[in-house]
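Novice: Using this note's numbering, read the sequence shown as starting at 42 and increasing by one per residue.
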Amino acid sequence: MAQLIDGKAISGAVKEQIAQQVSSMQEEQGITPGLAVVLVGEDPASAIYVKNKEKACEEVGFYSEMYTLPTSVTQQELEDLIHTLNEKEDIDGILVQKPLPKGLDEKALVNLIRPDKDVDAFHPENVGHIMQGDFHFLPCTPAGVMELLRASDVNPQGKRAVIVGRSDIVGKPMAMLLLHQNATVTICHSKTQNLAEVCQEADILITAVGKTGLITGDMVKPGAVVIDVGINRDAKGKLCGDVDFKSVEPKASYITPVPGGVGPMTISMLLKNTLAAARLHSGL
Ligand code: NDP
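1. Closest to Pro180 by C-alpha separation, out of Ile123, Leu136 and Asp121, would be which residue?
2. Can Ala237 be considered in contact with the ligand NDP, in the sense that its beta carbon sits closer than 7 Å to one or more heavy atoms?
3. Give the single residue among Glu166, His170, Thr182 and Glu130 whose Cα lies nearest to the Cα of Ser309.
4. Scan the stretch 251–296 and note each continuous alpha helix (DSSP H) run of 4 residues or more that stays entirely inside, going in chain order.
5. Comparing C-alpha positions only, which one of Cys98, Pro142, Val114 and Asp269 sits nearest to Ala293?
6. Can you name the start and end residues of the alpha helix (DSSP H) that Leu21 belongs to?
7. Should Met42 be labelled buried (16 or more other beta-carbon atoms within 10 Å of its own) or exposed?
8. For the ligand NDP, I want to know if Gly212 counts as a neighbour, meaning its beta carbon is within less than 7 Å of at least one of the ligand's heavy atoms.
9. How many whole angstroms separate the CB atoms of Leu119 and Leu145, which I take to be in contact at a CB cut-off of 8 Å?
10. Is the distance from the Cβ of Met107 to the Cβ of Glu99 below 8 Å?
11. Spell out the partners DSSP gives Glu106 in its beta bridges.
12. Would you say the beta carbon of Val137 comes nearer than 7 Å to a heavy atom of the ligand NDP?
13. Just curious, the alpha helix (DSSP H) that Ala97 is in, first and last residue?
Shown next as structure tokens:
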């Protein structure tokens with residue numbers, strides 16, 4: 042039986058620490074970290090993520106601004122908004138909720154965000170820092186996974202880590218963070234041959250694909266640590282990850298549930314980045 046990694050509890054502890062730091066920053070320096078979140082269109086999942094981010098900001102005592110814009114907004118209007126937020130002194134972090142509706146250039150917008158306010162760590166300058174290992178901000182989801190490993194006393198050093206999924210927001214930066222911690226890393230994707238065989242070699246198996254039931258018990262080495270980043274709906278509409286929990290859980294040593302695993306960590310890492318940005322901006 043695997044030990045469950047409780048992302049909700051670990052995220053709660055991180056948020057508590059952040060709240061304490063915010064409170065002393067406010068008392069001692071009169072500084073309140075500020076986050077601006079931009080949501081375009083009516084994607085229901087994005088609306089929930091943004092609402093959760095707003096709630097999390099309130100919980101830790103951040104100042105926050107939410108910009109909810111219609112699908113009809115133009116690229117120019119969005120770019121103007123980013124320029125305004127870049128200059129706003131009470132805003133330390135800017136986040137544009139993805140995906141943006143078709144017709145809008147997501148990359149161009151991210152590239153306009155001032156790197157010292159890019160709390161998602163998607164700006165090419167920050168991506169470069171992550172490659173070099175000298176970062177201010179870590180990409181939220183991979184950073185959340187690292188925090189879960191740390192909280193579970195799993196040290197990646199010398200371990201075989203296999204990551205399934207190579208997106209810019211999860212798989213690739215995840216590989217970098219594990220590499221910085223001296224894991225031996227393999228990245229798999231849709232063209233990988235013999236996925237099961239590669240996964241069987243993993244001491245740490247991380248899946249970020251978006252396919253229900255992709256990882257089954259026979260693909261997992263006994264005693265492996267299994268981290269499920271995927272967020273999917275099963276045939277009954279219930280939230281689930283990429284891992285077939287029923288067959289994998291008996292083989293793993295540690296496993297994250299979905300929901301309640303990686304998801305809550307992503308938000309607390311966003312708060313951590315915003316706090317780091319506020320420190321940077323106030324010269325602390
Ligand atoms: P993307 O769609 O950008 O990337 C998916 C990756 O999976 C791609 O690299 C793709 O390969 C690979 N892939 C697809 N099919 C297979 C397959 N059969 N075998 C192996 N690899 C495959 O997704 P994201 O990285 O944005 O998100 C991945 C999942 O994580 C989603 O479910 C998303 O909802 C979830 N997510 C969860 C977060 C959280 O906070 N918990 C945050 C962000 C995402 P290729 O490159 O070849 O196409």
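Just so you know, even glycine gets a beta-carbon here, dropped at the ideal spot from N, CA and C.
Specialist: According to the structure shown:
1. Walking along the sequence shown from the start, residue 180 turns up at place 139. Pro180 has its Cα closest to that of Leu136, out of Ile123, Leu136 and Asp121.
2. Residue 237 sits at position 196 when you count from the first residue of the sequence shown. No, Cβ of Ala237 sits at least 7 Å from all heavy atoms of the ligand NDP.
3. Here the question's residue 309 lines up with position 268 in the sequence shown. The residue with the shortest Cα to Cα distance from Ser309 is Thr182.
4. 286–289
5. Against the sequence shown, residue 293 aligns to sequence position 252. The shortest C-alpha separation from Ala293 is found at Asp269.
6. What is shown of the chain runs 42 to 325, which leaves residue 21 out entirely.
7. Numbered from its first residue, the sequence shown carries residue 42 at position 1. Burial call: exposed.
8. In the sequence shown, the residue the question calls residue 212 occupies position 171. Result yes, Cβ under 7 Å from the ligand NDP.
9. In the sequence shown, residue 119 corresponds to position 78, counting from 1. In the sequence shown, residue 145 corresponds to position 104, counting from 1. Indeed they touch by this definition, with Cβ atoms about 7 Å apart.
10. The count along the sequence shown starts at 1 and reaches residue 107 at position 66. The count along the sequence shown starts at 1 and reaches residue 99 at position 58. No.
11. Residue numbering aside, residue 106 sits at position 65 when the sequence shown is read from its first letter. Ala77, per the DSSP bridge assignment.
12. Residue 137 sits at position 96 when you count from the first residue of the sequence shown. No, the ligand NDP has no heavy atom inside 7 Å of this Cβ.
13. Counting from one through the sequence shown, the residue named residue 97 turns up at place 56. Counting along the chain, the alpha helix (DSSP H) containing Ala97 begins and ends at Pro85 to Val101.
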